[in-house]
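First residue of the sequence shown? That's 0 in numbering that gives the first Met the number 0, and the numbers climb one at a time after it. Beta carbons: idealized from backbone N, C-alpha and C, even for Gly. The next block holds one structure in the form of structure tokens; read it before the comments.
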Amino acid sequence: MSRVDVPSLSHDMRLAISREGGFAYLPGLAAPREIECERLSDDECARLGEWLSRLANVPEASTTGADRRCFRLTLSSRRTGEACWQRRLDEPCAPAWLVRLWRDGERALDEDDPAT
0 MSRVDVPSLS
10 HDMRLAISRE
20 GGFAYLPGLA
30 APREIECERL
40 SDDECARLGE
50 WLSRLANVPE
60 ASTTGADRRC
70 FRLTLSSRRT
80 GEACWQRRLD
90 EPCAPAWLVR
100 LWRDGERALD
110 EDDPAT
């Protein structure tokens, strides 16, 4: 499974985003999010693919330490459940659009500028 190259998104795919780490497990802070590509318009699906491809420039998360949080992203087939792409990013390195995507789900894809 490649950690850098994002496969072309199809409506069969699901993106799972979870927040991990820290001293204490607090369900509200973990708040796993799943985005079903079948529910996205073609434009939203293309935008998501573009945003995910930008993560190639973000370093992979280092070993989890005391009170360090990271985001885990897993792209998988809805039909088989098999993961085809995965990344772990330290929370301080995560782009703002990723935090919004985790927090707001597909609503974040309506925004034009992912950099802010």
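Counting along the chain, G48 sits inside the alpha helix (DSSP H) bounded by residues D41 to S52. Your pair I34 and G80 does not check out as a contact, with CB atoms roughly 16 angstroms apart and the cut at 8 angstroms.
Contact check between the stretch 66–78 and the stretch 90–106: three or more CB pairs, one atom from each, fall below 8 angstroms, which counts as touching.
L88: not part of any alpha helix (DSSP H); member of the beta strand (DSSP E) spanning A82 to D89, first to last residue. Just so you know, the alpha carbons of V57 and L88 end up roughly 7 angstroms apart. Under DSSP, E19 forms a beta bridge with C69. Taking C-beta separations shorter than 6 angstroms and ignoring five residues to either side along the sequence, the partners of L14 in its chain run I34 and L74, following chain order. For E37, same chain residues with a beta-carbon under 8 angstroms away, outside a window of 5 residues either side, are H10, D11 and R77 in chain order.
Cβ atoms of W101 and I16 come within 8 angstroms of each other, at about 5 angstroms.
DSSP places E33 within a strand segment (E or B) once states are collapsed to three.
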